[in-house]
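In UniProt numbering, the protein residues as written are 1 to 204.
We put the beta carbon where it would ideally sit given N, CA and C, even for glycine.
It should be emphasised that the depicted structure is a prediction, and the values quoted were computed from it without experimental measurement.
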């Protein structure tokens, strides 16, 4: 089974995106770091034990990877918003075998003392127009959520809106059991994270 690990909020520019998101949530974000393999950087926020939010953007001037970046960031434009949910597993190869075609190939990645394997699609886009979760396997004891200050923000819902809602729900059913996840039918694929914050309920 998969477990929700973190939520990726994409933005065109990290600094301005962080200011906007902090204002919306009513709490500061923590410094993250760079992902040299993907040419991206991030800011982080605890969502409670074992979960966190990642604000992510392409890092200006960073070398581009030999393929499309994760989370379809090369094609991202517009307002800062939820784009990807990431689930952790104990065995990435086994999780990929059970996932729909196009869930990606395993990359070995590292930042400081963090070590992980992650499935990244060659074209950057996850199945079901990006609504299937990215798969991650942490390969060292360190986990970002463990070192973030808990500022009281919690993920209370995750809505996946898709024109292929029935097929997406069927693909997720044997892999993820989380009452917060809701799959809905809609003509335009989108993801909505619902957060409990000091500013009340916020939808991203």
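By the neighbour-count definition (other C-beta atoms within 10 Å, threshold 16), residue 101 is an exposed residue.
Annotated three-state conformation of residue 199 is coil, per DSSP. In the same chain as residue 67, and ignoring 5 residues on each side of it, the C-beta atoms closer than 7 angstroms to its own belong to 122, in chain order. Every unbroken stretch of the alpha helix (DSSP H) spanning 4 or more residues and falling wholly within the region 71-99 is given here in chain order: 92-98.
The three-state secondary structure of residue 21, taken from DSSP, is helix. When the five nearest sequence neighbours on each side are left out, the beta carbons in the same chain lying within less than 6 angstroms of the beta carbon of residue 196 are those of 154 and 156, in order along the chain.
The beta carbons of residue 84 and residue 33 sit no closer together than 9 angstroms. Counting only runs of 4 or more residues that sit fully inside the region 106-193, the alpha helix (DSSP H) segments are 165-172, in chain order.
When C-beta atoms of the region 102-109 are compared with those of the region 43-56, fewer than three pairs fall below 8 angstroms, so the two segments do not count as touching. Non-local beta-carbon contacts of residue 70 in its own chain, meaning distances under 6 angstroms to residues more than five positions away in sequence, involve 38 and 120 in chain order.
Taking a 10 Å sphere around the C-beta of residue 172, we find 16 or more other C-beta atoms and assign the residue as buried.
With fewer than 16 other Cβ atoms inside 10 Å of its own Cβ, residue 75 counts as exposed.
Here residue 12 carries a coil assignment [DSSP, helix/strand/coil]. For residue 34, the enclosing beta strand (DSSP E) begins and ends at 30-35.
C-alpha of residue 35 to C-alpha of residue 110: approximately 8 angstroms in a straight line.
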